[in-house]
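See structure below.
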Amino acid sequence: MKAVEITSYGAPEVLRLTERPDPVAGAGELLIRVAAAGVNRPDVLQRKGMYPVPPGASDLPGLEVAGTIAQCDAAELAAAGFKIGDRVCALVAGGGYAELCVAPIAQCLPVPAGLSDTQAASLPETFFTVWSNVFDRARLQPGETFLVQGGTSGIGVTAIQMAKAAGATVIATAGSDDKCAACVRLGADHAINYRDKDFVEEVQRITAKRGVDVILDMVAGAYVARELKCLAEDGRLVIIAVQGGVDATFDAGMVLRRRLTISGSTLRPRPVAFKAAIAQALRAKVWPWIEAGRIKPEIYKMFPPGEAAQAHALMESNQHIGKLVLVW
Ligand SMILES: NC(=O)c1ccc[n+]([C@@H]2O[C@H](COP(=O)([O-])OP(=O)(O)OC[C@H]3O[C@@H](n4cnc5c(N)ncnc54)[C@H](OP(=O)(O)O)[C@@H]3O)[C@@H](O)[C@H]2O)c1
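Spelled out as structure tokens, the structure:
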């Protein structure tokens, strides 16, 4: 099969289209003939040598794919309600940038009705991450107020739409007025250009000093102290990335006085059973929102796999709004 590999850690040019042996699905797995694969920031970190491959996972980058089922144990496939040739999308722990990709059956979902394979390939990584952190971990409830940093990131465009569909009031931050306009188009009730305005003051103004119930953060560092000032009583902060650094100094007394929760997680190293539970929740609760048109994939640009380096360079330029996808 053709695949995009990381030849050594470094700049986008270390990504190279190459030939690899076809993978074979083992017990509990199926083989997908990949039509498209999403590009995510963790792929960039992996390429730079900053995100180790979990034990047993493919060394090829790529955490999400969509395509058709090409091979699987017949009984296991039937038990999962799939058949050979069905269109699925899958969350994988690696190996997505390839013509063939092995996925745990439990991490596969049917392509939502009405979506192309390219659109479906843009879903799993951010939908699993947002569901796990915003709804399972931070327990966002209808009627609550939600703040997402990086509203036009792949994670952000999913978080805005999912929180809105769940009945929350949504505030998003982004680094330009164009990006803020995109956040509002995607359903955010308020968007803050964090380069022009202090997001703490803006959140206090928007919420009449009450604060927000849940924050999804991908910055950390100096943001943590400022985010605690944005939280309402019993507020929950979930950190999913540390783009602003790992060291944070904050008023711990505020955590006590206002009963705040600081949490976080990384999805990739979690066991299949954990991801399977998220897949079931997504299928039951979120797939109907997609099929009803309440949540739409937000794809900024598609690339042939031979141009994976250009896709990574675009991601690192932070120009994009939404997802980048490699299409075979
Ligand atoms: N923990 C997990 O399980 C998990 C899973 C998936 C992804 N992630 C992480 O989540 C983040 C987003 O991933 P992605 O694939 O969606 O990446 P992406 O599309 O490349 O988004 C990165 C975003 O970070 C924003 N950003 C950077 N500095 C910021 C700041 N100071 N304030 C507000 N926003 C800032 C950028 O927005 P502006 O241009 O507007 O600044 C950009 O939209 C990445 O850091 C990734 O590693 C974590």
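Quick note: the sequence shown uses my numbering, first residue 16, plus one each step. Even glycine gets a Cβ: it sits at the ideal position worked out from N, Cα and C. Given the structure is predicted, the values throughout are model-derived calculations rather than measurements.
Check whether P357 and A291 have beta carbons under 9 Å apart: This structure leaves residue 357 out entirely; the chain is present only between 16 and 343.
Collapsed DSSP secondary structure at A95 in the structure displayed: Translated into positions along the sequence shown, residue 95 becomes position 80. Coil, per DSSP.
9 Å Cβ cutoff met for L162 and A136: Numbered from its first residue, the sequence shown carries residue 162 at position 147. Numbered from its first residue, the sequence shown carries residue 136 at position 121. No, the Cβ-Cβ distance between L162 and A136 is not below 9 Å.
Ligand 1 heavy atom lying under 8 Å from the CB of M330: For the purposes of this step, residue 330 is taken as the residue at position 315 of the sequence shown. Checking every heavy atom of ligand 1 against the Cβ of M330, one is found closer than 8 Å.
Neighbourhood of V185 by C-beta, 6 Å cutoff - its chain only, sequence neighbours within 5 removed: Residue 185 sits at position 170 when you count from the first residue of the sequence shown. Hits under 6 Å: F161, I175, A178, K179, A203 and D204.
Inter-residue Cα distance where the pair is G8 and R62: Past the edges of the chain, shown from 16 to 343, lies residue 8, and the structure says nothing about it.
Close beta carbons around F214, own chain, < 6 Å, minus the five adjacent residues each side: Counting from one through the sequence shown, the residue named residue 214 turns up at place 199. Excluding sequence neighbours, F214 sits near T188 and I207.
Beta strand (DSSP E) runs wholly inside the region 253 to 322, at least 3 long, in chain order: 276 to 279 and 314 to 318
DSSP three-state assignment for L329, whether helix, strand or coil: As a first step, residue 329 must be located in the sequence shown, where it is residue number 314. Looking at L329 - three-state DSSP - the assignment turns out to be helix.
Whole-angstrom distance between Y209 and N55, CA atom to CA atom: Residue mapping note: residue 55 aligns to position 40 of the sequence shown, counting from 1. Residue mapping note: residue 209 aligns to position 194 of the sequence shown, counting from 1. Between N55 and Y209, the C-alpha separation is close to 23 Å.
Proximity below 9 Å, CB of R273 to CB of G250: Translated into the one-based positions of the sequence shown, residue 273 becomes position 258. Translated into the one-based positions of the sequence shown, residue 250 becomes position 235. Cβ atoms of R273 and G250: closer than 9 Å.
L60 beta carbon near ligand 1 (any heavy atom closer than 8 Å): In the sequence shown, residue 60 corresponds to position 45, counting from 1. Yes - ligand 1 has a heavy atom lying nearer than 8 Å to the Cβ of L60.
Any non-hydrogen atom of ligand 1 closer than 8 Å to S191 Cβ: Numbered from 1 along the sequence shown, position 176 holds the residue referred to as residue 191. Yes - ligand 1 has a heavy atom lying nearer than 8 Å to the Cβ of S191.
Alpha-carbon spacing of G260 relative to V234, whole angstroms: On the sequence shown, position 245 is the one that residue 260 refers to. On the sequence shown, position 219 is the one that residue 234 refers to. If you take the alpha carbons of G260 and V234, they lie about 7 Å apart.
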